[in-house]
Amino acid sequence: MGEILVDVPQWDRVSDWERLAEVGKPVRVEETLDREALMDQLVGVTGIIRLGSRLPELDGSLLERATELKIVGVRSDRFGRGIDLNVAQQRGIHVIDTDNIASSQPVAEWDLALLLLCLRNAAAVYRQMIASTETWANAGNEQFVHGELTGKSVGLIGCGHVGQRLIELLQPFRTDLRVFDPYVDEAIVKKLNVRRTASLEDLLDHADLLVVQVPHTPVTEGLIGAAELERLGDGKILINCSRGKVLDQQALIDRLKTGRLIAGLDVFDPEPLEPDSELRTMPNVFCTPHIAWYAPHAFHRYFSSMVEQFVRYGRGESLQFELTQRMVDIRHGRV
């Protein structure tokens, strides 16, 4: 490979640059470039890593100008933002998107943490401790699934990078885990050795603990509403660390008011959560302010995972996280 333009925030390490230099000549973008300035720099460029905000969107005309461009890395959560994917594919340019690779570990860990907290009804117990009204050696409610996670029936909506990591984290707990995801390849399901349900309804009938881990798309907006919460049944636990809009928040609030559900929520609709939201004062809700993804020590993976794909390309090896039109279509609800 030749020159590689690199737009990266302060998430990089020297070792990443050294690895990238094994297959090309990396050049850091030091200042914000407009289209004209970038156009002048594209001659001889064979790769672009666009993780920051110093490069403009790589539209069709820019891609046509970059006659030697072979591979581009973007951070778009598979929505195809920042690049004209159609033109890139027409020109045979590989487009890599490793957005969720860096955050999958901390988000999956927080999913697991909220499961454990809600099984002990930690939000209510903590409020009781603050008010000096606690009952000692009693963190359970017989009307709810509670106590240990081991052996529980878990339903997971979404088997992307975060969902797959959560499946791995749940293995020591020997749960009865089932997954609903109409888009994930069957080969991945078999590799993870999990049972796949044919419908969301089947998953809701199975789950005592329901984890929602899907992106917000036209298809997933309001995926869990009043009917789904009713089908989930009484005494269950709901976890959402994905996007607030995939739940009908008012339907969730109404269900929580009945006292028949415990929820662990890291995301809301809208964000920030309104100061007077009822969710802030409900004893059966454990709320956090969209912190699941935020693990600064993991931020370097945004860059290192991208570098790994460029190294694989430079060595003639297969790419692991190539963005396809089908992925983008799924994100935009066109499939």
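Per our numbering, numbering through the sequence shown is continuous, rising by one, with the last residue being 319. C-beta: ideal position from N, C-alpha, C; glycine also. Since this is a predicted model, take the numbers as computed values, not measurements.
Neighbourhood of residue i by C-beta, 7 Å cutoff - its chain only, sequence neighbours within 5 removed
| i | result |
| --- | --- |
| residue 19 | 40, 46 |
| residue 3 | 291, 295 |
| residue 272 | 250 |
DSSP-derived helix/strand/coil call for residue i
| i | result |
| --- | --- |
| residue 93 | helix |
| residue 194 | strand |
| residue -13 | strand |
| residue 70 | helix |
| residue 229 | helix |
| residue 88 | helix |
| residue 280 | helix |
| residue 121 | coil |
| residue 238 | helix |
| residue 222 | strand |
| residue 163 | strand |
| residue 270 | strand |
| residue 251 | coil |
| residue 44 | helix |
Cut-off 6 Å between Cβ atoms - residues of its own chain near residue i, not counting five sequence neighbours on either side
| i | result |
| --- | --- |
| residue 168 | 143 |
| residue 307 | 79, 81 |
| residue 32 | -11, 56 |
| residue 226 | 196, 197, 198 |
| residue 279 | 90 |
Best match in the options for proximity to residue i [C-alpha to C-alpha]
| i | options | result |
| --- | --- | --- |
| residue 151 | 292, 227, 180 | 180 |
| residue 252 | 137, 205, 135, -6 | 205 |
| residue 106 | 274, 281, 221 | 221 |
| residue 48 | 69, 35, 59 | 69 |
| residue 243 | 256, 97, 217 | 217 |
| residue 95 | 139, 127, 262 | 139 |
| residue 276 | 157, 71, 249, 262 | 249 |
| residue 6 | 261, 64, -13 | -13 |
| residue 34 | 314, 266, 126, 286 | 286 |
| residue 258 | 233, 240, 159, 75 | 233 |
| residue -5 | 239, 207, 21, 86 | 86 |
| residue 268 | 260, 289, 274, 240 | 240 |
Classification of residue i by the beta-carbon crowding that lies within 10 angstroms, buried from 16 upward
| i | result |
| --- | --- |
| residue 83 | buried |
| residue 120 | exposed |
| residue 30 | buried |
| residue 281 | exposed |
| residue 54 | buried |
| residue 27 | exposed |
| residue 177 | exposed |
| residue 310 | exposed |
| residue 223 | buried |
| residue 300 | exposed |
| residue 165 | buried |
| residue 116 | exposed |
Integer Cβ distance of residue i from residue j, believed to fall under 8 Å
| i | j | result |
| --- | --- | --- |
| residue 81 | residue 111 | That belief does not hold up - the Cβ atoms of residue 81 and residue 111 are roughly 42 Å apart, past 8 Å. |
| residue 283 | residue 57 | With a Cβ gap of about 16 Å, residue 283 and residue 57 do not count as contacting. |
| residue -10 | residue 11 | 7 Å |
| residue 153 | residue 196 | Contact flag wrong, Cβ pair sits at about 16 Å. |
| residue 317 | residue 8 | Actually they do not touch by this definition, with Cβ atoms about 37 Å apart. |
| residue 163 | residue 91 | Residue 163 to residue 91, Cβ: 16 Å. No contact. |
Cβ-heavy atom distance, residue i to the ligand ADP, below 7 Å
| i | result |
| --- | --- |
| residue 314 | Summarising the ligand content, the structure contains no ligands, and the ligand ADP is consequently not present. |
8 Å Cβ shell around residue i - same chain, five flanking residues per side excluded
| i | result |
| --- | --- |
| residue 212 | 184, 188 |
| residue 128 | 105, 219, 220, 221, 246 |
| residue 302 | 296 |
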